[in-house]
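Numbering (numbering that gives the first Met the number 0), first residue to last: 0 to 843.
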Amino acid sequence: MRSTLNSYLEDFLKRGDENAFAYRRGLRVERWTYRRVAETARRFARELEARGVGRGERVIVWAANSAEWVAAFFGCLLRGVIVVPLDLESAPDFVARVLRQTKACLLLLSSETRQNAAGLGVPFLMLEELDEALSRHPSEPFEPQDISDSDLVEIIYTSGTTSEPRGVCLTHRNLLANLAPLEKEVVKYSRWERVVHPVRFLNLLPLSHVFGQFMGLFVPQMLGGEVHFQDSLNPSEIARTIRAQRISVVVTVPRMLDSLREHVERREAARGRGEELRRKLATAGGAHTLKRLWTFRHVHSYFGWKFWAFITGGATLDAESEMFWRRLGFAVVQGYGMTETASLVTVNHPFKSGRGSVGKILPGQELKLGEGGEILVRGANVSPGYWRDGAAQPLDDEGWLRTGDIGEMDEDSQIYFKGRKKETIVTAAGLNIHPEDIEAALNRQPEIKQSAVVGIEGARGPEPLAVLIMRDPQADPAPAVERANQTLARHQHVRRWHVWPESDFPRTPTQKVRKRDILERLDGETGGLNDESRMGAVSLHVSPSPRPPVPPSLEIHSLPELDSLGRVELLSALEDRYQMEIDEASFTEATTVGDIERIIQSGGGAESASQYPYPAWAQRFPATWFRLALFYAVVLPITSLLCWVRVRGKVNLRGLRGQALFVSNHVTYFDHALILSALPGRFRRRLAIAMEGERLRWWRRPPAGSPWHRRLRWLAQYFLTVLIFNTFSLPKSSGFRRSFAFAGETVDRGYSVLVFPEGMRTEHVRMNPFKIGIGLLASELGVPVVPVRIDGLAELKMSGRRGFALPGSVTINFGEPVTYSRDEDPTAVTADLERRVREMMNAE
């Protein structure tokens, strides 16, 4: 039986070199083994010892999810140090107040929080640089302090809005009380897990929350699973990760399941299967799982056939969304709990739960319903109290925790969450109205995208106000509200509503709706919201300084922040804010703020029917073998015959190990073949080449109505070009975010990348300016960048001479490799690379 959480670290060592964690840093995916996490934790414990940070002292972790975060957490546990995890989005002022309250002696930061931590006056370590900082310490076993199950593990702050932060204290005993019954249940399935090992979990929850820790640090590891972290909440990105990384289980909040549901419905509708999906869902209730898999094979194929389950927590999942995913053939696991109960009180069984139920109480806990249906909890999992004056203050002398939540229990002991007690609206007649009941009825109406019900003071006392986000902003909400009222009790009827002017409500880091913010916003408005405030987020996302509301008629080019890189940042920020994929072509064509607003209101714009091709098949067997055979048998002999190049600077490649980014000037269609012939074999065999995306798309998907013989020729050109030269799309106008992501995936597969950053072939001897995107690619790819220069070919081209080139008249020059850090300015990187290639051209 486990006595402390440190025993889990011993299990890590037993797993050895199996992958434990994977996460994206820049354009690359970093992977950590179980052994590496455990050894780094030991080194970090020694670092704390060297800094004089001892048992009972506090360390704040204000950083993004990563394997370093996990290693630092366990390192603190080994040393007996109390972890204070904070949300990535915490305001600097709130962090300062937590710092004063906990008297933390060390800050652990990531690149996202470093700038905001300036001026806090506490020593800090960057998690991205943790390996380097700990390199002086050995990885031998670290003997932990005399740690007991009553020692504090962490202090979790659940509110960032109050004047005095409130930190929930959790001990080893609290966390183990919930982990023990879960582990007992998981072990039952361990022999079946071997068939699908490893089970991969995509954890979309922050590790600063207990449920995120459970599903990131403990539960998957019981199965030897592999946990993937991802910052983006864009449903399309999530689906792409699930498919590409062969994820089995997604851990998230209910809001994300709603967003994924909308994404699936939009995707099916765009393919002409929207009505068919709705019809099949209506009849799939009693169908066997295998029949559901076949009926909805398009959806399962989209996510990948290894994906089968959602685990959700942090809020209550809407019954309609739960039924949607279950009828598609996916398992849905949800629970109920709060930070004060170490995350969990109840958990439902994925195959034996009532609709809308949050499950049955975990073994070892007690639950009862108090006055007004309030849920009261008692057990070893309940926190000893809140952090005050250097110690935990008791919650209740009798051991019962008043959750402030309203619930119901059926005859089978299934628990049903009804809402927060403080959000319950008590009418003048003394009747209780639970906002969740009204929201469920409203959300079932096809015209309503989302709803939030808040209590206001009406002419006859408290009454509900429905705040609505309509799918069509111009639609009249009255019919939808009337239909919802028909399903509600009379005292629950909605008589007042307000259309929210934005595409989403304000939310917490765990995606709960901030109803207090909604009320404050409504209190500050007179006669409705100003339409011009809708897209204030446009400037807010790209400029930290406050600015007046942005009118829809404002032209985008007049905003100085929205240069080409600024547009990319804005596009990513809006996608994360509204949890949708925005069509990049539509976004690029937008000229005013109003255009952007309309794209968002339409669900991200029409899905592009002409996707740029990113052929990953060219980097897998048997395409790799065919490419080598064709290159050495056909391409290299022809290239050598037409143009026997002279190679300079090859010595600069001798010390280069691993992958690289080659950056070259662009003269003719023949450039990539010449560079391939000049490269050493180890790079030549594993090189991917970025090619004009518009041309590849034209070849892959010829325009409708083209003669059959032209279509056949273009398709042949596409497949031969991709097969022989391992090319992928780098569009000129839009879509290069996906191109850069593919470049990162390519490097992860062990390939180097060749890019022509001029974006066009030169029409003269002089080199064209580099596109700014190359700076972003070079800094985010995390590999050495090799400048490449092609000399003599432009002169040959300008002379109009065709046929064979004289031996030595064309030279391929390789410059010295250069490395850029991820925090360097992409504009400066672009200028530096252009200078390097240009100077090589001018050098003799």
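Even glycine gets a Cβ: it sits at the ideal position worked out from N, Cα and C.
For Asp404, the beta-bridge partners assigned by DSSP are Arg419.
The three-state secondary structure of Ile581, taken from DSSP, is coil. Annotated three-state conformation of Asn484 is helix, per DSSP. Cβ neighbours of Ala689 within its own chain (closer than 8 Å, five residues either side excluded): Thr726, Phe727, Ser728, Leu729, Ser738, Ala742, Val752, Leu753, Val754, Phe755. Runs of the beta strand (DSSP E) lying entirely within the segment 716-775, each at least 3 residues long, are 726-729, 751-754 in chain order. Looking at the DSSP output, His497 bridges to Val466. The three-state secondary structure of Asp790, taken from DSSP, is strand. Within the same chain, Cβ atoms closer than 8 Å to the Cβ of Trp324 are found at Leu256, Arg260, Phe309, Val331, the five residues on either side in sequence being excluded. With respect to Leu201, Thr170 sits apart: the two C-beta atoms are not nearer than 8 Å. Under DSSP, Pro84 takes part in a beta bridge, and its partners are Val60. Per DSSP, Ala659 lies in no alpha helix (DSSP H) and is assigned neither H nor E. By the Cβ-count criterion, Arg326 is buried, with 16 or more other Cβ atoms from all chains shown falling within 10 Å of its own Cβ. Cβ contact annotation for Asp16 (same chain, cutoff 8 Å, sequence separation greater than five): Thr32, Tyr33, Arg34, in chain order. Residue environment analysis places Trp616 among the exposed positions, since fewer than 16 neighbouring C-beta atoms fall within 10 angstroms of its C-beta.
Just so you know, the alpha carbons of Leu675 and Glu29 end up roughly 28 Å apart.
In this structure, DSSP gives Glu823 a state outside helix and strand, which the three-state scheme calls coil. Taking 8 Å as the cut-off, the beta carbon of Leu26 is found no closer than this to the beta carbon of Glu823. Beta-bridge pairing by DSSP links Leu124 to Leu107.
The three-state secondary structure of Asn233, taken from DSSP, is coil.
Pro461 is bridged by DSSP to Glu456.
In its chain, beyond the 5 residues on either side, Trp713 have a beta carbon closer than 8 Å to the beta carbon of Trp697. Residue environment analysis places Pro614 among the buried positions, since at least 16 neighbouring C-beta atoms fall within 10 angstroms of its C-beta. For Arg57 and Val82, the gap between their C-alpha atoms comes out near 6 Å.
Within the model, the alpha-carbon separation for Ala281 versus Lys770 is close to 51 Å.
Straight-line spacing of the CA atoms in Glu815 and Arg190 works out to 53 Å.
For Gly74, the enclosing alpha helix (DSSP H) begins and ends at 66-78. In the three-state DSSP reduction, Thr3 falls in the coil class, being neither helix nor strand.
Considering only Tyr611, Arg193, Arg387, the residue with the shortest C-alpha distance to Tyr156 is Arg387. If you look at Thr170, you'll find it in the beta strand (DSSP E) that goes 166-170. Taking the Cα positions, Arg626 is about 6 Å away from Leu722. Under the 8 Å Cβ criterion, the segment 303-320 does not count as touching the segment 277-291, having fewer than three qualifying pairs. Within 10 angstroms of the beta-carbon of Tyr22 lie 16 or more other beta-carbons, which makes it buried. If you look at Gly680, you'll find it in the alpha helix (DSSP H) that goes 680-683. Per the coordinates, the alpha-carbon of Val248 lies some 12 Å from the alpha-carbon of Ile237.
Per the DSSP secondary-structure output, Met690 pairs in a beta bridge with Ser728.
Note on Ser356: 16 or more other CB atoms within 10 angstroms of its CB, so buried under the neighbour-count rule.
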